[in-house]
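Novice: Let me begin by handing over the structure; questions about it come next.
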Amino acid sequence: MSDTKIPYKIYLEESEMPKQWYNVRADMKKKPAPLLNPATNKPMTAEELSHVFCDELVKQELNETDRYIDIPEEIQEFYKMYRPSPLVRAYCLEKKLDTPAKIYYKFEGNNTSGSHKLNSAIAQAYYAKQQGLKGVTTETGAGQWGTALSMACSYFDLDCKVYMVKCSYEQKPFRREVMRTYGANVTPSPSVTTEVGRKILSEFPDTNGSLGCAISEAVEAATSQEGYRYVLGSVLSQVLLHQSVIGMESKIAMDKYDITPDIIIGCAGGGSNLGGLISPFMGEKLRGEKDYKFIAVEPASCPSLTRGVYAYDFCDTGKVCPLQKMYTLGSGFMPSANHAGGLRYHGMSSVLSELYDEGLMEAISVEQTAVFEAAQQFARIEGILPAPESSHAIKAAIDEAMKCKETGEEKTILFGLTGTGYFDMYAYGAYNDGRMSDYIPTDEELQKSIDTLPKID
Ligand SMILES: *Cc1c(COP(=O)(O)O)cnc(C)c1O
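Its first residue numbered 3, the sequence shown is counted upward by one per residue in our numbering.
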């Protein structure tokens, strides 16, 4: 099909929308390593996991064999309120860069949570409701996940308790108020409401909090209260499964116009948007049907894939969660305080870690001033004010398009634009004032936290 026929925005008809999620683990010859019980170092059983997570989500977490899993009707209905998300041909960006590359982005910022996180939040809330639970607990860092979950919980009339990393709670009062508007109960973490929070506070009274620490509190809050379970917005295989809706829609839309991406790019925090976007394409690669180049983009200040080790580690500071084998910087790793671009989790999805380890996916790291430069450029040309997280993918996509300009190759690039940046204006302000600096941890710093990994044999 000639280029001119491809619209700026490719939408899907309701009838074309995916009715199933795709489970990439089913096509992986080598499966991700199992979650381990930190007390016994034995694989976590469904029964053990069910104390922390909803029953159906435990099944999905352990399901390595079903390639497709039906999206329940109610979730499909909810998806219809804000999906399909647009797949945009970045004609204006291409023109400005004067590149022969064709650039597409899948934009997930078209809902109030401002990110892709709602795709999994609604699924997790649905299964909690199905199980007859009173509510769920979770942590949130920058606040997108907490917002998405509070929206999903209010839709299903579930109680929602969010432990929000203290510095974000103070720096992002608007996110907090969005969550409260949807009825969530928001507590700055670490807090005195949990045993693990009190312990962390007594050791580090001045701490600004961290995701790892907020996870520990949320898990304790779930397991110590009748009728509650803990839900997580990234990293877990069930979350990648729900996020596969991003990749499924992209693939259906591209197939409609005979477009085949050569390069697929996503930012990587815990790996959920990237895992979701690449899943169906990776499936084709795993089955030997097609080949694609996949690029994970992470911040140079929190480089778990590019500088971490592939080992079992704790998922949280309080060491209450199962152990997961993943690329990790160590659960004690804290990104520098001047790091403003999100994606600050110490580990990476076990699915993506395994794919990366097998050489099926590449990873790069980028510095935050370069990320904000790309964000500003993108905002001015394509009109959307991107989230700092998403801008990591923008930076990499622009770099790939500029390589095409040098070589004259007409590559097709697809990247995930995970969300909008309206709540990140302090970070944008620092960039606009020229106050933003880059920070790259030294090998010694990384080694210090990597040395604290649990010894598993
Ligand atoms: C949470 C978030 C990310 C990173 O999380 P992943 O699980 O790695 O996808 C990226 N972009 C936005 C807008 C987010 O809210």
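Just so you know, even glycine gets a beta-carbon here, dropped at the ideal spot from N, CA and C.
Tell me which residues share the same chain as Tyr1 and place their Cβ nearer than 8 Å to its Cβ, disregarding the 5 neighbours each side in the sequence.
Specialist: A query on residue 1 cannot be resolved here, the shown segment of the chain reaching from 3 to 459 and no further.
Novice: Please list the terminal residues of the continuous beta strand (DSSP E) segment that includes Asn43.
Specialist: As a position in the sequence shown, residue 43 is number 41, starting the count at 1. No beta strand (DSSP E) contains Asn43, which DSSP labels as neither H nor E.
Novice: Just checking Gly214 against ligand 1 - is the residue's beta carbon closer than 7 Å to any of the ligand's heavy atoms?
Specialist: Indexing the sequence shown from 1 puts residue 214 at position 212. False, no ligand heavy atom lies under 7 Å from that Cβ.
Novice: Residues bridged to Pro313 by DSSP?
Specialist: Within the sequence shown, residue 313 is the residue found at index 311, counting from 1. Inspection of the sequence shows that residue 313 is occupied by Ala rather than by Pro. According to DSSP, which records beta bridges pairwise, Ala313 is partnered with Met328.
Novice: Would you give the residue range spanned by the alpha helix (DSSP H) that Val241 belongs to?
Specialist: Position 239 of the sequence shown, counted from the first residue, corresponds to residue 241. Its alpha helix (DSSP H) spans residues 239-258.
Novice: Leaving out the 5 sequence neighbours to the left and right, which residues in its chain are closer than 8 Å to Arg1 when beta-carbon positions are compared?
Specialist: Beyond the ends of the chain as shown, which are 3 and 459, falls residue 1; an answer cannot be given.
Novice: Suppose you measure from the CA of Glu391 to the CA of Gly343; what does that come to, to the nearest Å?
Specialist: Position 389 of the sequence shown, counted from the start, is the residue given in the question as residue 391. Position 341 of the sequence shown, counted from the start, is the residue given in the question as residue 343. Computed Cα separation, rounded: 6 Å.
Novice: Shortest alpha-carbon distance to Cys323 belongs to which of Ala41, Ile452, Lys413?
Specialist: Counting from one through the sequence shown, the residue named residue 323 turns up at place 321. Closest by alpha carbon: Ala41.
Novice: Any heavy atom of ligand 1 closer than 7 Å to the beta-carbon of Ser117?
Specialist: Looking up residue 117 in the sequence shown gives position 115. Result yes, Cβ under 7 Å from ligand 1.
Novice: By Cβ distance, which residues of its chain are closer than 7 Å to Gln173, with the 5 residues on each side in sequence left out?
Specialist: Taking the sequence shown and counting its residues from 1, the one referred to as residue 173 is at position 171. Counting only Cβ-Cβ distances below 7 Å, and skipping sequence neighbours, we find Tyr428.
Novice: Tell me which residues share the same chain as Met3 and place their Cβ nearer than 7 Å to its Cβ, disregarding the 5 neighbours each side in the sequence.
Specialist: Against the sequence shown, residue 3 aligns to sequence position 1. With a pLDDT of 48 at Met3, under the threshold of 50, the modelled position of this residue cannot be trusted, and the question is left open.
Novice: By DSSP, does Met3 sit in helix, in strand, or in coil?
Specialist: Numbered from 1 along the sequence shown, position 1 holds the residue referred to as residue 3. Note that Met3 scores a pLDDT of 48, beneath 50, so its modelled location is shaky; the value from the coordinates is reported in the next line. The answer is coil: DSSP assigns Met3 none of H, G, I, E or B.
Novice: Alpha carbon to alpha carbon, how far is Leu276 from Ser17?
Specialist: Reading the sequence shown from its first residue, position 274 is the one you call residue 276. Reading the sequence shown from its first residue, position 15 is the one you call residue 17. Their backbone Cα atoms lie some 25 Å apart in a straight line.
Novice: Would you tell me roughly how many angstroms separate the C-alpha atoms of Thr371 and Gln133, rounded to the nearest one?
Specialist: The count along the sequence shown starts at 1 and reaches residue 371 at position 369. The count along the sequence shown starts at 1 and reaches residue 133 at position 131. Approximately 46 Å between the Cα atoms of the pair.
Novice: Could you name the residues of the same chain whose beta carbon sits closer than 7 Å to that of Lys98, not counting the 5 residues immediately before and after it, in chain order?
Specialist: The count along the sequence shown starts at 1 and reaches residue 98 at position 96. Ile383.
Novice: Are three or more beta carbon pairs between the stretch 304-319 and the stretch 278-296 nearer than 8 Å?
Specialist: With a cut-off of 8 Å, the stretch 278-296 and the stretch 304-319 do not count as touching, because too few Cβ pairs lie within range.
Novice: On the DSSP letters alone, give me the boundaries of the beta strand (DSSP E) that Arg200 sits inside.
Specialist: Your numbering for residue 200 matches position 198 in the sequence shown. Segment 197-205 is the alpha helix (DSSP H) holding Arg200; no beta strand (DSSP E) there.
Novice: Sorry if obvious, but does the Cβ on Leu151 come closer than 7 Å to a heavy atom of ligand 1?
Specialist: Start at 1 with the first residue of the sequence shown, and residue 151 comes out as number 149. False, no ligand heavy atom lies under 7 Å from that Cβ.
Novice: Does ligand 1 have even one heavy atom less than 7 Å from the beta-carbon of Ser274?
Specialist: Position 272 of the sequence shown, counted from the first residue, corresponds to residue 274. True, at least one ligand heavy atom lies under 7 Å from that Cβ.
Novice: If you draw a straight line from the alpha carbon of Lys450 to that of Leu89, how long is it in whole angstroms?
Specialist: As a first step, residue 450 is located in the sequence shown; it is residue number 448 there, counting from the start. As a first step, residue 89 is located in the sequence shown; it is residue number 87 there, counting from the start. Roughly 43 Å between the two C-alpha positions.
Novice: How is the alpha helix (DSSP H) around Arg178 delimited, first residue to last?
Specialist: By 1-based counting over the sequence shown, the position of residue 178 is 176. From DSSP, the alpha helix (DSSP H) with Arg178 extends over 175-183.
Novice: Buried or exposed: Gly145, going by 16 or more other Cβ atoms within 10 Å of its Cβ?
Specialist: Stepping through the sequence shown from its first residue, residue 145 is reached at position 143. Gly145 should be labelled buried.
Novice: Could you tell me the alpha carbon to alpha carbon distance between Gly137 and Gly320, rounded to whole angstroms?
Specialist: Position 135 of the sequence shown, counted from the first residue, corresponds to residue 137. Position 318 of the sequence shown, counted from the first residue, corresponds to residue 320. Between Gly137 and Gly320, the C-alpha separation is close to 22 Å.
Novice: Is it buried or exposed, Ala339, if we count other Cβ atoms within 10 angstroms and call 16 or more buried?
Specialist: Working through the sequence shown from its first residue, we reach residue 339 at position 337. Per the 10 Å Cβ criterion, exposed.
Novice: Flag this pair as yes or no: are the beta carbons of Val167 and Met181 separated by less than 8 Å?
Specialist: To locate residue 167, count along the sequence shown from 1; it is residue 165. To locate residue 181, count along the sequence shown from 1; it is residue 179. No, the pair does not count as a contact, with Cβ atoms beyond the cut-off.
Novice: For the pair the stretch 230-248 and the stretch 55-64, tell me if three or more CB-CB distances fall below 8 Å.
Specialist: Touching, yes, given that three or more Cβ pairs across the two stretches are closer than 8 Å.
Novice: Are the beta-carbon atoms belonging to Tyr84 and Asn112 less than 8 Å from one another?
Specialist: Walking along the sequence shown from the start, residue 84 turns up at place 82. Walking along the sequence shown from the start, residue 112 turns up at place 110. Result yes, Cβ atoms of Tyr84 and Asn112 sit closer than 8 Å.
Novice: Can you check whether the CB of Ala399 is closer than 8 Å to the CB of Phe417?
Specialist: As a first step, residue 417 is located in the sequence shown; it is residue number 415 there, counting from the start. As a first step, residue 399 is located in the sequence shown; it is residue number 397 there, counting from the start. Yes. Within cutoff.
Novice: Take every Cβ of the stretch 204-216, pair it with every Cβ of the stretch 43-51, and state whether three or more of those distances are shorter than 8 Å.
Specialist: Flag = no, the stretch 204-216 and the stretch 43-51 do not touch.
Novice: Quick one, which of Leu387, Arg289, Thr195, Phe296 has its alpha-carbon nearest Ala28's?
Specialist: Stepping through the sequence shown from its first residue, residue 28 is reached at position 26. The option with the nearest alpha carbon to Ala28 is Arg289.
Novice: Leaving out five residues before and five after Gly410 in sequence, what residues of the same chain have Cβ atoms less than 8 Å from its Cβ?
Specialist: Sequence index remark: in the sequence shown, residue 410 carries index 408 (1-based). Around Gly410: Pro102.
Novice: If you measure from the CB of Ala270, is any heavy atom of ligand 1 nearer than 7 Å?
Specialist: If you number the sequence shown from 1, residue 270 lands on position 268. Yes - ligand 1 has a heavy atom lying nearer than 7 Å to the Cβ of Ala270.
Novice: Exposed or buried, what is Phe176 when buried is set at 16 or more other beta-carbons lying within 10 Å of its beta-carbon?
Specialist: Mapped onto the sequence shown, residue 176 falls at position 174. The residue is exposed, with fewer than 16 neighbouring Cβ atoms inside 10 Å.
Novice: Return helix, strand or coil for Glu141, following the three-state DSSP convention.
Specialist: Counting from 1 along the sequence shown, the entry for residue 141 is found at position 139. If DSSP states are grouped into helix, strand and coil, Glu141 belongs with the strands.
Novice: Got a sec: does ligand 1 put a non-hydrogen atom nearer than 7 Å to the Cβ of Gly344?
Specialist: Mapped onto the sequence shown, residue 344 falls at position 342. Answer for Gly344: yes, Cβ within range of ligand 1.
Novice: Could you name the residues of the same chain whose beta carbon sits closer than 6 Å to that of Tyr184, not counting the 5 residues immediately before and after it, in chain order?
Specialist: Within the sequence shown, numbered from 1, the residue matching residue 184 stands at position 182. Ser152, Met153, Ser156.
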